[in-house]
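Numbering (the numbering used here), first residue to last: 14 to 146. Below is one structure; the comments refer to it alone.
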């Protein structure tokens, strides 16, 4: 399992398009996109397929050139840095899986991601690490 870097989700979102376009454009299902938008884990094979598609289309995503600049690459994107930053491996046990919230829409997934990041910032403000939550 892996998680897509939250800092890159907003850059990827315009490429996704509609529910009908997501598979054709970035090679994942709409349900996987909902999980990505919500910051939930996806299968490693899905993450690798997404990474392959995004690396191929990196020139069409303006945020990538700003976040991963390269003076030597023809498209202005540091491909190695982007590839390293895109996915983070995670381990989810069978006991933890039922605790993951069922998300049915991108709107709910984004709301969950915002709530989680606010909670993480709040936990850090109180002297606890995110791992303590």
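Glycine included, each C-beta is placed from N, C-alpha and C at the ideal position.
Thinking C-beta only, is residue j closer than 8 Å to residue i?
i	j	result
residue 16	residue 52	yes
residue 72	residue 59	no
residue 40	residue 68	no
residue 24	residue 77	yes
residue 92	residue 86	yes
In the structure shown, what three-state DSSP assignment does residue i receive?
i	result
residue 53	coil
residue 90	strand
residue 16	strand
residue 107	coil
How should residue i be labelled, buried or exposed, when 16 other C-beta atoms within 10 angstroms of its C-beta is the threshold for buried?
i	result
residue 105	exposed
residue 137	Residue placement at residue 137 is flagged as unreliable, the pLDDT there being 43, under the threshold of 50; a coordinate-derived value is accordingly withheld.
residue 127	exposed
residue 21	buried
residue 122	buried
residue 88	exposed
residue 35	buried
For residue i and residue j, which I take to be in contact (beta-carbon distance under 8 Å), what is that distance rounded to the nearest angstrom?
i	j	result
residue 99	residue 18	6 Å
residue 119	residue 47	6 Å
Do you know whose CA, among the options, lies nearest residue i's CA?
i	options	result
residue 94	81, 31 and 103	81
residue 125	38, 49, 37 and 29	49
residue 33	42, 25 and 79	42
residue 66	57, 30, 37 and 103	37
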